[in-house]
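With our numbering applied, the sequence shown has no gaps in its numbers, which climb one by one up to 136 at the end. Glycine included, each C-beta is placed from N, C-alpha and C at the ideal position. Quantities reported herein were computed from a predicted structural model and do not represent experimental measurements.
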Amino acid sequence: MVDPEWHDFYEIGIDFIDSDHRELVSIVKDIERTEKNTDYKDLQNNIIKFIVKAREHFAREELFLSEIQFPDLKNHIQFHNELLNKLDIAKRLCESSTDEQGADQCVEKMIHLVVEEIFKGDIAFKGFLEDEGYIQ
Ligand SMILES: [Fe+2]
Ligand SMILES: [Fe+2]
């Protein structure tokens, strides 16, 4: 099981980004909890909530990166779009999961996406923020 907990090393140092990320982790924990309780209706609702929040977060982050003229913005936007596609595939997998094992796999996928990709992906611009003095 991939760890859905928040860790300090996820911290980017920009308040709105960190609070968005914390919120995403918290929804992923709700996803995990509802799956464990085999509460499939709530599970679907949490997954939809997660995708809506992820979309909003990506848009906010892209606007910020464009304002500070992050040179690799194009790649980061592409990365976000790929994540949204993967989230959509994971959502469909979740919707078609009728048994415990299927739901388990779908939740694993959602957790993996948020932990392994959203945070590791944002490391891509952390160095730039440091170099430009936006964070210490
Ligand atoms: Fe990002
Ligand atoms: Fe982010």
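8 Å contact criterion, which residue i and residue j should meet: CB distance rounded
| i | j | result |
| --- | --- | --- |
| L87 | A54 | 6 Å |
| V28 | V114 | 5 Å |
| L43 | T34 | 4 Å |
| E117 | L83 | 6 Å |
| P4 | I135 | About 25 Å; that fails the 8 Å criterion. |
Classification of residue i by the beta-carbon crowding that lies within 10 angstroms, buried from 16 upward
| i | result |
| --- | --- |
| E61 | buried |
| L63 | exposed |
| H57 | buried |
| F125 | buried |
| I31 | buried |
| H80 | buried |
| H7 | exposed |
Interface flag, residue i vs chain D, CB-CB below 8 Å
| i | result |
| --- | --- |
| N45 | Absence of chain D from the displayed structure is noted, only one protein chain being present. |
**Asked** If we count Cβ pairs, one from each stretch, closer than 8 Å, do we get three or more for the stretch 69 to 79 versus the stretch 92 to 100?
**Response** no
**Asked** Within the chosen definition, does the stretch 115 to 127 reach the stretch 41 to 52 through at least 3 CB pairs nearer than 8 Å?
**Response** no
**Message:** Can you confirm whether the stretch 15 to 24 touches the stretch 77 to 91 when touching is taken to mean that 3 or more C-beta pairs between the two stretches lie within less than 8 Å?
**Reply:** no
**Message:** As a quick check of your reading: which residues have a C-beta less than 7 Å from at least one non-hydrogen atom of ligand 1, in chain order?
**Reply:** F58, E61, H76, F79, H80, I118, G121 and D122
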